[in-house]
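Participant:
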Amino acid sequence: MSLMKVSLLLGMASIGLTIAVVFLCYSLYTSTCETNDDASSTSSPLMSSTLPASKTVWEKDFRLSPHIIPDLYEVKLHPDLVTGLFTCEEKISVRVLSRVDYIYLHIDRLNVSKSVVKQNGVSIPIKAAFSYPKHQYWVVTLERSLEVGECTLEFMADGNLRKQDIVGFYSLSTNIIYNSHIIYPQVINNYSPGI
Numbered sequence: 001m002s003l004m005k006v007s008l009l010l011g012m013a014s015i016g017l018t019i020a021v022v023f024l025c026y027s028l029y030t031s032t033c034e035t036n037d038d039a040s041s042t043s044s045p046l047m048s049s050t051l052p053a054s055k056t057v058w059e060k061d062f063r064l065s066p067h068i069i070p071d072l073y074e075v076k077l078h079p080d081l082v083t084g085l086f087t088c089e090e091k092i093s094v095r096v097l098s099r100v101d102y103i104y105l106h107i108d109r110l111n112v113s114k115s116v117v118k119q120n121g122v123s124i125p126i127k128a129a130f131s132y133p134k135h136q137y138w139v140v141t142l143e144r145s146l147e148v149g150e151c152t153l154e155f156m157a158d159g160n161l162r163k164q165d166i167v168g169f170y171s172l173s174t175n176i177i178y179n180s181h182i183i184y185p186q187v188i189n190n191y192s193p194g195i
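If you're matching positions, the sequence shown starts at 1 in UniProt numbering and goes up one per residue.
1. What are the start and end residues of the beta strand (DSSP E) that includes Glu143?
2. Of all the options Asp158, Gly149, Asp80 and Thr56, which has the alpha carbon lying nearest to the alpha carbon of Ser115?
3. Could you name the residues of the same chain whose beta carbon sits closer than 6 Å to that of Met156, not counting the 5 residues immediately before and after it, in chain order?
4. Of the choices Glu74, Ala128 and Gly149, whose alpha-carbon is the least far from that of Arg99?
5. Taking all protein chains shown into account, do 16 or more other C-beta atoms lie within 10 angstroms of the C-beta of Val82, making it buried, or fewer, making it exposed?
6. May I ask you to report which of helix, strand or coil DSSP gives Pro70?
7. Between which residues of its own chain and Ser131 is the CB-CB distance below 8 Å, once the five residues before and five after are set aside?
8. Check for me: the beta strand (DSSP E) holding Ser65 runs from which residue to which?
9. Answer with buried or exposed for Tyr73, where buried requires no fewer than 16 other C-beta atoms within 10 angstroms of its C-beta.
10. With respect to the beta strand (DSSP E) encompassing Asp80, which residues constitute its N-terminal and C-terminal limits?
11. Which residues bound the beta strand (DSSP E) around Ile126?
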């Protein structure tokens with residue numbers, strides 16, 4: 001290999017390494033800032049005035065809350081293969097590990113029309129229910145905190161099978177020719193992209 005090729009390869013490797021180091025430093029810096037947000041009471045007045053305002057739990061992290069563990073999902077899907085639309089009813093049984101006044105879960109490309117939270121058979125009044133698209137969440141804030149124990153979440157939603165990326169719940173058409181052109185619509189469930 002010529003000296004020019006070796007120096008070119010070393011130059012490209014050093015650029016790549018520099019980019020990786022910058023990315024790592026930025027990641028460490030942002031995680032340090034998030035930690036400092038939680039401890040803003042111990043920082044100096046100058047430091048606290050330059051930090052961003054406190055974020056809600058669902059804004060801080062894209063991971064689901066460790067305080068709410070799902071045990072059982074009951075899902076009823078009603079697809080219309082002609083129009084490509086579907087409705088669904090979902091009931092999720094969860095364990096609440098510590099008192100919280102919110103619930104958030106992953107929902108993408110669904111129009112949620114009803115949210116109900118029950119504990120010990122009693123509906124908990126809902127303060128607000130809304131989509132948080134940045135992390136693909138459906139967020140339900142409650143008028144009072146959930147107690148530690150069992151809880152159920154009930155949702156009604158609708159969506160479009162044809163306006164989906166090829167993940168989740170979508171429609172697929174197969175063309176089979178046997179004396180005529182026939183289209184067989186199918187509904188597919190693929191919650192593991194890349195498999």
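In this text, a Cβ means the ideal position worked out from N, Cα and C, and glycines have one as well.
Facilitator: Put simply:
1. The residue you call residue 143 lines up with position 143 of the sequence shown. Start and end: Tyr137 to Leu146.
2. To locate residue 115, count along the sequence shown from 1; it is residue 115. It is Asp158 whose Cα lies nearest to the Cα of Ser115.
3. As a working note, residue 156 is residue 156 in the sequence shown. Answer for Met156: Glu89, Ser113 and Lys114, listed in chain order.
4. Stepping through the sequence shown from its first residue, residue 99 is reached at position 99. It is Gly149.
5. Here the question's residue 82 lines up with position 82 in the sequence shown. The residue is exposed, with fewer than 16 neighbouring Cβ atoms inside 10 Å.
6. As a position in the sequence shown, residue 70 is number 70, starting the count at 1. Of the three classes helix, strand and coil, the one that applies to Pro70 here is strand, per DSSP.
7. Locating residue 131 in the sequence shown gives position 131, where the first residue counts as 1. These residues qualify, in order along the chain: Ile107, Val112, Tyr137, Trp138 and Val139.
8. Residue mapping note: residue 65 aligns to position 65 of the sequence shown, counting from 1. Segment: none, Ser65 is in no beta strand (DSSP E) and carries neither H nor E.
9. For the purposes of this step, residue 73 is taken as residue 73 along the sequence shown, with counting starting at 1. Under this definition Tyr73 is an exposed residue.
10. Start at 1 with the first residue of the sequence shown, and residue 80 comes out as number 80. No beta strand (DSSP E) holds Asp80; DSSP gives it neither H nor E.
11. Against the sequence shown, residue 126 aligns to sequence position 126. Start and end: Ile126 to Tyr132.
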